[in-house]
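Per this note's numbering, residue 97 is the first one in the sequence shown, and the count goes up by one each step.
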Amino acid sequence: MNADMIAAWAVENGFHAMDSRNYRRHDNAGVVTIEIKRMSFLLIDERQGLRPRLISRLFKDISLTSGSGRLQGLLDHKRNH
97 MNADMIAAWA VENGFHAMDS RNYRRHDNAG VVTIEIKRMS FLLIDERQGL
147 RPRLISRLFK DISLTSGSGR LQGLLDHKRN H
């Protein structure tokens, strides 16, 4: 994976670009933000009444073949907790 692939996935999945490295999605339960760094990304899940949950992954740890599925899995995992 790389920054461009993560940015494309974010837009395809309802995230709005705040700038070229930050994407945010709002829903009734709260806000999910993706911050793209130089070699990694940070997923911030801020649900009402809960402490923010943070997940950080290096690009090299997300394979190209399962990248978008892995990203969705991280997001789904965070929503279920």
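Just so you know, even glycine gets a beta-carbon here, dropped at the ideal spot from N, CA and C.
Between the options, which lies nearest to residue i when the distance is taken from Cα to Cα?
{"i": "residue 124", "options": "155, 133, 132, 141", "result": "141"}
Just the C-alpha distance for residue i and residue j, rounded to the nearest angstrom, thanks.
{"i": "residue 103", "j": "residue 139", "result": "12 angstroms"}
{"i": "residue 177", "j": "residue 143", "result": "With a pLDDT of 45 at residue 177, under the threshold of 50, the modelled position of that residue is not reliable, and the figure given next carries that caveat. Answer to the nearest angstrom: the Cα atoms are 10 angstroms apart."}
{"i": "residue 136", "j": "residue 99", "result": "8 angstroms"}
{"i": "residue 133", "j": "residue 117", "result": "7 angstroms"}
{"i": "residue 101", "j": "residue 131", "result": "13 angstroms"}
Is it buried or exposed for residue i, if we count other Cβ within 10 angstroms and need 16 for buried?
{"i": "residue 128", "result": "buried"}
{"i": "residue 114", "result": "exposed"}
{"i": "residue 107", "result": "exposed"}
Provide the residue(s) that pair with residue i in DSSP beta bridges, ordered along the chain.
{"i": "residue 110", "result": "Beta-bridge pairing links residue 110 to no other residue."}
{"i": "residue 151", "result": "139"}
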